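Every number in my numbering is 75 more than the matching position in the sequence shown, counting from 1.
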Amino acid sequence: MNSRLQIFCIIILLISTVSCERDETVSLSEKMVLKYMTAQSLYYGGDTEPAIGILKSVYDENPGFTRNTSLYARALYYSGDTEKAVSLWESICCKEAYQIDAVKHLSRFYLGEGRTVEAEALLLQALSYSSEDPGLLYLLAETRIAAGALSDGLTLLEKAAVLSERECEIYLRQASLYQEFGYYDRAVEAVEKSASLLNKDHPLFPSLTALRAKLTAEIP
């Protein structure tokens, strides 16, 4: 598959995904999606400042583009603009409690500030949409531990650990698709994420090791 077709497919997928979100005011153009993808690439490549500039321009044009707003908030937070980032996450979570990434970031901030009750309320609302998300369960466990309910915290951590191991299947599927698109470096990253969830004595670990070696050899 050539690079132009790859980009086109990604754009269509992203537009289709966002069109399924509950905020019906969102209207995305191909140009806007391309700007978001450019900013995403810059951000994950370590070029935070230009990424923030693009993310801000997209946000100013369409604040209902939640994927962009969430990444914009994350970039601002890790650049030191905590107040603005928290404000953006709160605006997302207030309207769309099913936006799990924003919920996780905001609840972590609340926990760090000792705002345990707010974090717990936010996490419980998100879990009503995604009851088996290990990240949400882990953070909920932290709220219970902070409140002194150690037994409840341990139970939640045990459940989160079991569900985290299952996530290896997700990363393996990602790896196979990245490989098909020719994104071998991303495929390796997905395999590494999968491997990090498994003990070395897990039945899947030898297969992961072999796949990792194969993909590494295929990287141009």
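In this text, a Cβ means the ideal position worked out from N, Cα and C, and glycines have one as well.
Remember, predicted model here, so these are calculated numbers, not experimental data.
Scanning 224, 164, 162 for the CA closest to the CA of residue 191 turns up 224.
About 6 Å separates the beta carbon of residue 150 from that of residue 126, a gap short enough to meet the 8 Å contact definition. Per DSSP, the continuous alpha helix (DSSP H) segment holding residue 265 begins and ends at 259 to 271. Here the alpha carbon of residue 199 sits roughly 8 Å from the alpha carbon of residue 215. Apart from sequence neighbours up to five positions away, the residues of its chain that approach residue 293 with a beta-carbon distance below 7 Å are 259, ordered along the chain.
Every alpha helix (DSSP H) of 4 residues or more that sits fully in the segment 155 to 213 is shown, in chain order, as 157 to 170, 175 to 187, 191 to 202. Judged by DSSP in its simplified three-state form, residue 285 adopts helix. Residues of the same chain with a CB within less than 6 Å of the CB of residue 185, apart from the 5 flanking positions on each side, are 193, 194 in chain order.
It is roughly 7 Å from the alpha-carbon of residue 167 to the alpha-carbon of residue 174. One thing to note: residue 212 has its Cβ no nearer than 8 Å to the Cβ of residue 201. For residue 179 and residue 262, the gap between their C-alpha atoms comes out near 25 Å.
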